[in-house]
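Those letters in the first sequence? Residues 1 to 704, per full-length UniProt numbering, in order.
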Amino acid sequence: MATNLSAPPLSPYLSSHNHHRRRCPLHFTSSLRLSATKRCPIAASKRAPPLPSAVAGEQHSASLAEQLKPLSTTTLSDQPNEAQLLSKPKSTWVNPTKSRPSVLSLQRHKRSSSYSHNPQIKDLRNFAKKLNDCEESQFSAVIEGIPHPPTRENALLVLNSLRPWQKTLLFFGWVKAQNAFPMETIFYNVTMKSLRFGRQFQHIEGLALEMVEKEIPLDNITYSTIITCAKRCNLFDKAVEWFERMYKTGLMPDEVTYSAVLDVYAKLGKVEEVMSLYERGRASGWKPDAIAFAVLAKMFGEAGDYDGIKYVLQEMKSIGIQPNLVVYNSLLEALGKAGKPGLARSLFEEMVESGVSPNEKTLTALIKIYGKARWARDALQLWERMSLNGWPVDFILYNTLLSMCADLGLVEEAEKLFEDMKGSEKCKPDSWSYTAMLNIYGSGGSVDKAMVLFREMSEAGVQLNVMGCTCLIQCLGRAKRIDDLVNVFEFAVENGVRPDDRLCGCLLSVVSYCDGKDASKVLACLERANKALSAFVKVLSGDESTDFDALKEEFKRILSSTAVEARRPFCNCLIDICRNRDHHERAHELLYLGTLYGLYPGLHTKTEDEWRLNVRSLSVGAAHTALEEWMGTLAKIVQRKESLPALFSANTGSGNHKFSQGLGSAFASHVEKLAAPFTESEGKAGLFTATREDLVLWLQSRVA
DNA sequence: CTAGGGTTAG
Numbered sequence: 001m002a003t004n005l006s007a008p009p010l011s012p013y014l015s016s017h018n019h020h021r022r023r024c025p026l027h028f029t030s031s032l033r034l035s036a037t038k039r040c041p042i043a044a045s046k047r048a049p050p051l052p053s054a055v056a057g058e059q060h061s062a063s064l065a066e067q068l069k070p071l072s073t074t075t076l077s078d079q080p081n082e083a084q085l086l087s088k089p090k091s092t093w094v095n096p097t098k099s100r101p102s103v104l105s106l107q108r109h110k111r112s113s114s115y116s117h118n119p120q121i122k123d124l125r126n127f128a129k130k131l132n133d134c135e136e137s138q139f140s141a142v143i144e145g146i147p148h149p150p151t152r153e154n155a156l157l158v159l160n161s162l163r164p165w166q167k168t169l170l171f172f173g174w175v176k177a178q179n180a181f182p183m184e185t186i187f188y189n190v191t192m193k194s195l196r197f198g199r200q201f202q203h204i205e206g207l208a209l210e211m212v213e214k215e216i217p218l219d220n221i222t223y224s225t226i227i228t229c230a231k232r233c234n235l236f237d238k239a240v241e242w243f244e245r246m247y248k249t250g251l252m253p254d255e256v257t258y259s260a261v262l263d264v265y266a267k268l269g270k271v272e273e274v275m276s277l278y279e280r281g282r283a284s285g286w287k288p289d290a291i292a293f294a295v296l297a298k299m300f301g302e303a304g305d306y307d308g309i310k311y312v313l314q315e316m317k318s319i320g321i322q323p324n325l326v327v328y329n330s331l332l333e334a335l336g337k338a339g340k341p342g343l344a345r346s347l348f349e350e351m352v353e354s355g356v357s358p359n360e361k362t363l364t365a366l367i368k369i370y371g372k373a374r375w376a377r378d379a380l381q382l383w384e385r386m387s388l389n390g391w392p393v394d395f396i397l398y399n400t401l402l403s404m405c406a407d408l409g410l411v412e413e414a415e416k417l418f419e420d421m422k423g424s425e426k427c428k429p430d431s432w433s434y435t436a437m438l439n440i441y442g443s444g445g446s447v448d449k450a451m452v453l454f455r456e457m458s459e460a461g462v463q464l465n466v467m468g469c470t471c472l473i474q475c476l477g478r479a480k481r482i483d484d485l486v487n488v489f490e491f492a493v494e495n496g497v498r499p500d501d502r503l504c505g506c507l508l509s510v511v512s513y514c515d516g517k518d519a520s521k522v523l524a525c526l527e528r529a530n531k532a533l534s535a536f537v538k539v540l541s542g543d544e545s546t547d548f549d550a551l552k553e554e555f556k557r558i559l560s561s562t563a564v565e566a567r568r569p570f571c572n573c574l575i576d577i578c579r580n581r582d583h584h585e586r587a588h589e590l591l592y593l594g595t596l597y598g599l600y601p602g603l604h605t606k607t608e609d610e611w612r613l614n615v616r617s618l619s620v621g622a623a624h625t626a627l628e629e630w631m632g633t634l635a636k637i638v639q640r641k642e643s644l645p646a647l648f649s650a651n652t653g654s655g656n657h658k659f660s661q662g663l664g665s666a667f668a669s670h671v672e673k674l675a676a677p678f679t680e681s682e683g684k685a686g687l688f689t690a691t692r693e694d695l696v697l698w699l700q701s702r703v704a
């Protein structure tokens, strides 16, 4: 998911950007001329007369999708071609020395003077209010009481004041039927705005098609409204479709449409298309503004792309755009997602120094970052600064602070905050707050406190959610309070919690360390949540031998219907279940399958001097299985007298989390039991090493 | 609000 951060500093599309700039200086001069013509240079290529044979062809017939391919993959090679690409039949060539494009820069519409000086304004507003408030059935009756004739200005004023989309649509229909004046674009735009409020994409599209039919021009406002409405309705294909239509008409996108469309592609995860459109916009004279950069920052954050974030910063600097609060917030969050807490911290300081005050979202982002990074000192210092400076706090920020406490194991701080919330008027703990507390008590093993909270929740009328349920079940399982566990599970299901894969994984892990009756009770819960999984567990735990291929197929079927983040935990638990029931052979088979399906990437790493087994993400049983498997393989290599490196190591990790269970110590005792020559390194907790000589001796002794 | 665009929680 995240890009490889050890990759070269610039992403491919970024270097293609530079490449493009270097090679196509003419692009800029041409576009400056073009910019005053209200025509999109991308579209122009489609309408251009046949190009000279050598450069005609693909660009002439290219679709928008093709046009949006990264420039590195399209061949914009020689300069005459560029000039051709940008020229078009009806372009009006203006003085090329004119300083800046005029079309692309945003021209907000001023409130027309009839709005402020219209003495009828009060009557019309009251009338609009009546329309807003009346029953739909009375609409036609009310509308007849319009206090002044529906002139263009009057109609616009009323249309602008209608809230529910149904009323807007009815009124618009009425105005059209009056036939008092020709309909202009603005009427459609205002109506669409109201429809967008009600997320009525169907109606918006209907109106847009009506405009096309009646040859009423669609402008940037129309298109951006259509596109953002589609976006809000999650109809991304529709958003793209309408941008394509706009492109075909040759209308030049302005700043608003640009950032709206960039956001559409960004939300589709189409980074390359975003960058390509960005480059083309830049090349045609578009000056991106803060909103466009906020969109880019968010996109790179979602992709975990640090190079992309650097690029955004660099572009803003070179264009001379100072980040505003929203851009800072997007950048901070992006840095968090890209795993750069240190850079987030320094960017935050830079932001404060530049005079931009953080808001709730800024602080939420940072607290979350520090929590995830387990930077307790920074988190607490920031918390202190928040209250010292009187920085704004809201409900989400409170809950984020609680979650951070859970991540860092700050039990007392969390309890204090939780009590403060209970005492407050506006920020009473909700299910998020309770979940955070259940997480804290659950991971800390404070079962009784967790159960007190559980009871308190239902008294306070706060719903238990799936994560809170998972936390509770985890800690009840560890405490072997299986009857309570079953009760909590049943309560949760009865109260609308729909078990997800994480909850199933949690039940599965409890099954792995329970025996007999307890295991059956938990398995019965699992059966209600995931039939296939519980059936598979029964097969694995049973004594009948199973065909490997059948096992493989079923395991594959289960994994493919499991959320990606829960697949490895499933496999880990299943291996533990096999081992705890002395089905070691099956444990090895499952580890093999897990590796086959990519659940354990980087399990083995080899350099010339050292071979390493990385078991940090494995459960105890899986780690043992992996070690045994490895030793078996090495024994064969020794037998075959093949060459081996000087050093062998196994890494369990040290477990940064305050509440983490000791994989390291479990691994140490397993190594001891096997009398294997691995010893834990002095300075590095969780790193076990063995020399070739010791290991070979031991392997040979085992065979003998 | 002044016909259109961006940011908060496992």
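C-beta: ideal position from N, C-alpha, C; glycine also.
Nearest-angstrom beta carbon gap, residue j and residue i [assumed within contact, 8 angstroms]
{"i": "F197", "j": "L156", "result": "F197 to L156, Cβ: 17 angstroms. No contact."}
{"i": "G621", "j": "A668", "result": "The Cβ separation is near 15 angstroms, so there is no contact."}
{"i": "V190", "j": "L159", "result": "5 angstroms"}
{"i": "G594", "j": "C571", "result": "4 angstroms"}
{"i": "W611", "j": "P645", "result": "5 angstroms"}
{"i": "G442", "j": "C471", "result": "4 angstroms"}
Buried or exposed by the 16-neighbour rule on C-beta atoms within 10 Å, applied to residue i
{"i": "T605", "result": "exposed"}
{"i": "I369", "result": "buried"}
{"i": "G318", "result": "A small fix is needed here, since residue 318 is Ser in this sequence, not Gly. By the neighbour-count rule (16 or more Cβ atoms within 10 Å), S318 is not buried but exposed."}
{"i": "S509", "result": "buried"}
{"i": "R702", "result": "exposed"}
{"i": "T607", "result": "exposed"}
{"i": "K340", "result": "buried"}
{"i": "L574", "result": "buried"}
{"i": "S330", "result": "buried"}
{"i": "R557", "result": "exposed"}
{"i": "L533", "result": "buried"}
{"i": "D181", "result": "The question names Asp, yet the displayed sequence has Phe at residue 181. Looking at its Cβ environment, which holds fewer than 16 other Cβ atoms inside 10 Å, F181 is exposed."}
{"i": "V539", "result": "exposed"}
{"i": "P49", "result": "Residue confidence for P49 is low, a pLDDT of 28 falling below 50, so the modelled location carries little weight; the figure read from the coordinates is stated next. Exposed, because fewer than 16 other Cβ atoms sit within 10 Å of the Cβ of P49."}
Alpha carbon of residue i to alpha carbon of residue j, nearest angstrom
{"i": "A492", "j": "L526", "result": "13 angstroms"}
{"i": "R345", "j": "S357", "result": "15 angstroms"}
{"i": "T691", "j": "F648", "result": "6 angstroms"}
{"i": "I221", "j": "K214", "result": "18 angstroms"}
{"i": "F395", "j": "G336", "result": "21 angstroms"}
{"i": "Q463", "j": "A626", "result": "41 angstroms"}
{"i": "D133", "j": "K238", "result": "33 angstroms"}
{"i": "L397", "j": "A406", "result": "14 angstroms"}
{"i": "R567", "j": "S619", "result": "13 angstroms"}
{"i": "N614", "j": "G602", "result": "7 angstroms"}
{"i": "T151", "j": "K129", "result": "18 angstroms"}
{"i": "S194", "j": "R385", "result": "42 angstroms"}
{"i": "D289", "j": "V326", "result": "12 angstroms"}
{"i": "T633", "j": "G662", "result": "26 angstroms"}
{"i": "V522", "j": "L402", "result": "30 angstroms"}
{"i": "L503", "j": "S354", "result": "45 angstroms"}
{"i": "V264", "j": "G285", "result": "21 angstroms"}
{"i": "G304", "j": "E279", "result": "21 angstroms"}
{"i": "G308", "j": "L251", "result": "29 angstroms"}
{"i": "K372", "j": "N439", "result": "14 angstroms"}
Residue range of the unbroken beta strand (DSSP E) whose run includes residue i
{"i": "E425", "result": "That residue, E425, is in no beta strand (DSSP E); it is neither H nor E in DSSP."}
{"i": "V604", "result": "The displayed chain sequence assigns His, not Val, to residue 604. H604 -> beta strand (DSSP E) spans 604 to 606."}
{"i": "W698", "result": "W698 -> not in any beta strand (DSSP E); alpha helix (DSSP H) instead, spanning 692 to 703."}
{"i": "S649", "result": "647 to 651"}
Start-to-end residues for the alpha helix (DSSP H) that takes in residue i
{"i": "E610", "result": "Segment 610 to 614 is the beta strand (DSSP E) holding E610; no alpha helix (DSSP H) there."}
{"i": "S140", "result": "139 to 143"}
{"i": "N487", "result": "482 to 494"}
{"i": "W400", "result": "A small fix is needed here, since residue 400 is Thr in this sequence, not Trp. Where T400 is concerned, the enclosing alpha helix (DSSP H) stretches over 395 to 408."}
{"i": "N389", "result": "376 to 389"}
{"i": "K213", "result": "It should be noted that the sequence gives Glu, not Lys, for residue 213. 201 to 214 is the span of the alpha helix (DSSP H), which, as asked, contains E213."}
{"i": "F197", "result": "185 to 197"}
Exercise. Give, in chain order, every unbroken run of the beta strand (DSSP E) that is at least 3 residues long and sits entirely within the segment 258 to 319.
Key: Qualifying beta strand (DSSP E) stretches: none in this window.
Self-check item: alpha helix (DSSP H) segments (min. 4 residues) lying fully within the UniProt repeat "PPR" (219 to 253)
Solution: 220 to 232, 236 to 249
Quiz item: Going along the chain, which unbroken runs of the alpha helix (DSSP H) with 4 or more residues stay wholly within the segment 441 to 527?
Solution: Listed in chain order, the alpha helix (DSSP H) elements of length 4 or more contained wholly in the segment 441 to 527 are 447 to 460, 466 to 478, 482 to 494, 501 to 512.
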